[in-house]
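Participant: The structure's right below; bear with me while I get my questions together.
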Amino acid sequence: MSTKTNPERKYSLILFLIWPFFSIIYAIKNYRAIWAKDLVWFFVIFFGFTLTIILADSDEQSDGSRYRDKFVAMAGQQVNFDNISVLFYDEDSQVLDVIETIVIFTVSRFTDNYHVLFAVFGLIFGYFYSRNIWYLIDRAGKGIATENIPIILTFAFVVGFWEINGFRFWTATHIFLFGTLPYLFEGKKNYLGFAVLAVFMHFSYVLPLLVLGFHIATGKRTSVYFILFLLTFFVKELNLTQLGEFLTANLPEIFVPRVKGYVNEEYASSISEIYAKANWYVLYYQLALQWSITSLMVGIFFYGNAFLKVNKNFDRLFSYTLLLYSVANIFSLIPSGGRFLSLANLFAIALIFFYLQYAPKIKSIRKLMFFAIPALSLYVIVALRIGIQAMGILCIVGNPLLRIFINADVTVLEVLKGVFGF
């Protein structure tokens, strides 16, 4: 490490301790520095420490409030490692995600302050989140191409740092990506253990893991998966009752309670009611992203064929992304199953990023990017708007020391509404 880097690292850490929000801007400006990703990681921890629990858009609790209540309840109980195993096999508790329970149990032995719990959530989530972003940046060569700036921004916002509100699934998303992307793009098999680890963060990651196993076993079938990708994109209806019967008959018993909950018709109706009340941008920003990705994937398939044939690792990533996206398209018709589209989107955006960075410039792809940029901009703006709902005001103007002494559970969005009236 150069003598110049050491002072810069120390300066960046001091800057974070004084003003974490400005440190994230400093990290973006100096994204090539080896310490930049750590500033993002530290900021996510601080975000968790200052997070404000938001209410769900229905009568049900939000994920964040459930974590808080579970943590506070556990902190008040005499729980030990002997009886904690009951949580994993008690059907009523429906706890299948071992990592989350271990984290909550461990932190509850030291404090009943849920802000500390969410800081630990940020510690775990932020590590994989920052490393996944810098996986793309570190492989961008001398610098990120201009057309890739909206792509990398979108990548960072698909499962943004504010998603620690839904810690289990979204952390599993970044863990799975962290383990799978290096294997697909560089053939690094030693990372695949993290793909398996994602299952212990959220049980549903058995699905993308099975898709990965199927892809490894059968090899690249890019043309076949491309056709499947297009066909599933236009599938709009699925019989939940038949699907539920199939899954409960074929899955291990421990998964059955959760499956019944997700394919329940009443649950599906409640989700539909939430979307019916949502603002137009909440309904369409995901569609804007999906159509942008689909058009660019189609463009790469038809215009980047020569590049695919020469770059086998790129072709392997493309093939798996098409297969995963096909499965995600089908499962998006199930309540909560649409979350798998976010995982597929991350793989697809990484693919597009690498293509724009390395492939020869093709006029047709540039035209597609011209039309995609407004849609991607809409997505980024709306995603950020959703994210600041849980961002405490101290996350912007405070620092770790102030947060210890000041308990201000006021969100940035509430402040903006109060000042500007929107």
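Residue numbering for the sequence shown follows the working numbering, beginning at 494 and increasing consecutively.
Each residue gets a CB set at the ideal place from its N, CA and C atoms; glycine is no exception.
1. I need the boundaries of the alpha helix (DSSP H) containing Leu700, first residue and last residue.
2. Short check: CB of Trp528 to CB of Gly619, under 8 Å?
3. Is the CB-CB distance between Ile518 and Asn892 below 8 Å?
4. Where does Gly934 sit, in a helix, a strand or coil, going by DSSP?
5. Hey, is the stretch 797-805 in contact with the stretch 825-843, meaning 3+ C-beta pairs nearer than 8 Å?
6. According to DSSP, simplified to helix, strand and coil, what is Gly634?
7. Return the CA-CA distance between Phe603 and Gln570, expressed in angstroms with no decimal places.
8. Could you spell out where the alpha helix (DSSP H) holding Lys805 opens and where it closes?
9. Rounded C-beta distance between Ile879 and Thr904? I'm assuming under 8 Å.
10. Compare the Cα-Cα distances from Leu705 to each of Lys503, Lys682, Leu724, Ile645 and report the closest residue.
11. Using 8 Å as the threshold, is the C-beta distance between Val651 and Asp605 below it?
12. Who are the near neighbours of Glu593 in its chain, counting only those whose CB is closer than 6 Å to its CB and skipping five residues on each side?
13. Measuring straight from C-alpha to C-alpha, what distance separates Ala821 and Arg632?
14. Report yes if the C-beta of Ile637 is less than 7 Å from at least one heavy atom of the ligand MN; otherwise report no.
15. Taking all protein chains shown into account, do 16 or more other C-beta atoms lie within 10 angstroms of the C-beta of Gly686, making it buried, or fewer, making it exposed?
16. Taking C-alpha atoms, which residue in Leu670, Arg502, Ser601, Thr725 lies nearest to Ile626?
17. Excluding the 5 residues flanking Tyr796 on each side, which residues of the same chain have their C-beta closer than 7 Å to its C-beta?
18. Rounded to whole angstroms, what's the CA-CA distance from Tyr628 to Tyr848? Just pull it up for me.
19. What residues are listed by DSSP as bridge partners for Thr904?
20. For a test of the three-state rule: what should DSSP assign to Asp562, helix, strand or coil?
21. Let me confirm a value: Leu895 is counted as buried when at least 16 other C-beta atoms fall within 10 Å, else exposed. Which label applies?
22. How many angstroms separate the CA atom of Ser623 from the CA atom of Ala710?
23. Rounded to whole angstroms, how far is the Cβ of Leu482 from the Cβ of Ala883, which I believe are closer than 8 Å?
24. Quick check on DSSP: helix, strand or coil for Ser835?
25. Across the stretch 782-797 and the stretch 860-867, are there enough close Cβ pairs to call them in contact, namely three or more that are closer than 8 Å?
26. Tell me the DSSP secondary structure of Thr604 in three-state form.
27. In three-state DSSP terms, what is Leu544?
28. Please report the Cβ distance between Phe515 and Leu508, rounded to the nearest whole angstrom; I am assuming they are in contact, meaning their Cβ atoms lie under 8 Å.
29. Based on Cα-Cα distance, which residue from Gln783, Ile637, Phe542, Val596 lies nearest to Arg832?
30. Which class does Phe514 belong to by DSSP, given the choice of helix, strand or coil?
31. State the DSSP-derived secondary structure class of Ala526, mapped to helix, strand or coil.
32. What's the gap between the Cα of Met494 and the Cα of Lys503?
Facilitator: According to the structure shown:
1. Start and end: 699-711.
2. Taking a C-beta distance under 8 Å as the contact criterion, Trp528 and Gly619 do not qualify as a contact pair.
3. No, they are not a contact pair.
4. With the chain running from 494 to 915 in the structure shown, residue 934 is simply not present.
5. Because the criterion of three Cβ pairs below 8 Å is not met, the stretch 797-805 and the stretch 825-843 do not touch.
6. Three-state DSSP puts Gly634 in coil, outside helix and strand.
7. Distance between the alpha carbons of Phe603 and Gln570: 12 Å.
8. Segment 805-824, the alpha helix (DSSP H) holding Lys805.
9. That belief does not hold up - the Cβ atoms of Ile879 and Thr904 are roughly 12 Å apart, past 8 Å.
10. Across the set Lys503, Lys682, Leu724, Ile645, the C-alpha of Lys682 shows the shortest separation from the C-alpha of Leu705.
11. No, the Cβ-Cβ distance between Val651 and Asp605 is not below 8 Å.
12. For Glu593, where only same-chain residues beyond five positions count, the Cβ hits under 6 Å are Arg661.
13. Across the structure, Ala821 and Arg632 are spaced so that their CA atoms are roughly 27 Å apart.
14. The ligand MN is not part of the structure shown, which contains no ligands of any sort.
15. So Gly686 counts as exposed.
16. Minimum Cα-Cα distance from Ile626 among the listed residues Leu670, Arg502, Ser601, Thr725 corresponds to Leu670.
17. Sequence-distant partners of Tyr796 (beyond 5 residues in either direction) whose C-beta falls short of 7 Å from its own C-beta, in its chain, are Ile855, Ser857, Ile858.
18. When rounded, the separation of the alpha-carbon atoms in Tyr628 and Tyr848 is 15 Å.
19. In the DSSP assignment, Thr904 forms a beta bridge with Gly885.
20. Three-state result, Asp562: helix.
21. Of the residues assessed, Leu895 falls on the exposed side of the cut-off, its CB having fewer than 16 other CB atoms within 10 angstroms.
22. Across the structure, Ser623 and Ala710 are spaced so that their CA atoms are roughly 31 Å apart.
23. Nothing about residue 482 can be reported from this structure: the residues present for the chain run from 494 to 915 only.
24. Three-state DSSP puts Ser835 in a helix.
25. With the cut-off at 8 Å, the stretch 782-797 and the stretch 860-867 touch.
26. Note: Thr604 maps to coil in three-state DSSP.
27. Look at Leu544 here: in three-state DSSP terms it is coil, with no helix or strand label.
28. Right, their Cβ atoms sit about 7 Å apart.
29. Measuring from the Cα of Arg832, the nearest candidate turns out to be Gln783.
30. It is helical.
31. Three-state DSSP puts Ala526 in coil, outside helix and strand.
32. With a pLDDT of 39 at Met494, under the threshold of 50, the modelled position of that residue is not reliable, and no figure is offered here.
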